[in-house]
Amino acid sequence: MKTITHFFVALFTLVSVSAFAQQYYPTEQTVQFDKTNASAWVVNVDNESLDELKDGWSDYVRQELDVKSKKDGRDALIAKEVTVPRIAENTGDLRAKFFTEGDQSKVAVAFTTGYSIALNTKDNPDEAENLRRLVKNFVKYYKTDKLNEQIAQNEKREKDLESSYEKNEREQKQLTKHIGKIEKQMKSDKTDDSKKFELKNQKIADESRMVALDEIMVNQKHELVDINKSIQKYRADISHLETLFAEPLAKKEAHFEEINK
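If you want the numbering used here, it's the 1-based position in the sequence shown plus 9.
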């Protein structure tokens, strides 16, 4: 029974990873860029903000290719007359278009070297493969960057909570000492009734604050546990992306391409 269970778990994991890989697998399509139709690599990037995708692409090509993109209409970016050795030897225009289909955000990337002439797998197989890898690596860069942002936000929140928790701990210790002093004064024969009345009220206030702090700190502990879980999940997601986009995946993608022909 355990063997069967392990088999189905492994099968489910394999299918999930395969589906994930196909989802982020760029496919070659003809795409209209303004007035130009060009062969492009198109990839799904989940349900992401198109504006954030544009910003991500601009950052990516600037960091990775030392190329600056500019607006090319409402939904596209272009880097005109650039030389990108990682893609091709010829000078050309690196184009990226951002759009949605259903609930999926998509990015289409083309490298045009002349009017209506674009890199494609038929005429420029090696250069087209370079462009495909660039698009695939952009998805990895973008998704990883988003996850790292989430980790950074959670770690800041975690640090702030830990600082607040420690501050509350110190206040509890101070209150405990103060209550002890109050009780000692209340028992003293030198303390008159009027003073005892004031001390008793102060003790009630201190004890109420102690109860409140207990509840606050329990809540903070729960929040810290939840934040830590979120951080671990985001780190696991990054590890999964690293595995998914590792170079051996190219062989899987070639296999998918053969199947889809």
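Think of the CB as a built atom: it goes at the ideal place given N, C-alpha and C, for glycine as much as any other residue.
Just so we're clear, the structure is a prediction, and the values are computed from it rather than from any experiment.
- Taken atom to atom, the span from the alpha-carbon of PHE42 to that of LYS79 is near 14 Å.
- For ASN133, the three-state secondary structure derived from DSSP is coil.
- Here ILE96 carries a coil assignment [DSSP, helix/strand/coil].
- Taking all protein chains in view, the Cβ of GLY101 is crowded by 16 or more other Cβ atoms within 10 Å, so the residue is classified as buried.
- Per DSSP, the continuous alpha helix (DSSP H) segment holding GLY65 begins and ends at 59–74.
- Take ILE236, set aside five residues on each side of it, and the residues of its chain with a beta-carbon closer than 8 Å to its own are ASN163, ARG166, GLU167 and LEU170, in chain order.
- Rounded to whole angstroms, the Cβ separation of PHE120 and LEU140 is 6 Å, and the two are in contact under 8 Å.
- Secondary structure at THR185: helix, using DSSP grouped into helix, strand and coil.
- In terms of CA proximity to THR185, SER217 leads the group LYS106, SER197, ASN133 and SER217.
- For PHE206, the uninterrupted alpha helix (DSSP H) segment begins and ends at 202–253.
- Burial check for GLY189: the Cβ neighbour count within 10 Å stays below 16, so the residue is exposed.
- For GLY123, the enclosing beta strand (DSSP E) stretches over residues 113–123.
- Per the coordinates, the alpha-carbon of THR130 lies some 20 Å from the alpha-carbon of THR92.
- Taking the C-beta atoms as reference points, LYS115 is found nearer than 9 Å to ASN53.
- Collapsing the DSSP output to three states places ARG104 in a strand.
- Annotation for ASN53: the continuous beta strand (DSSP E) segment containing it runs 45–53.
- Excluding its 5 nearest sequence neighbours in each direction, GLU136 has C-beta neighbours in its own chain below 8 Å: ILE96, ALA97, PHE120 and LEU128, listed in chain order.
- If you draw a straight line from the Cα of THR122 to the Cα of VAL144, it is about 18 Å long.
- Three or more beta-carbon pairs separated by less than 8 Å link the stretch 153–160 to the stretch 239–247, which places the two stretches in contact.
- Collapsing the DSSP output to three states places LEU86 in a strand.
- Each of ASP84, SER67, ALA85 and ARG83 was checked against the Cα of LYS77, and the nearest Cα belongs to SER67.
- Taken atom to atom, the span from the alpha-carbon of ARG71 to that of PHE147 is near 12 Å.
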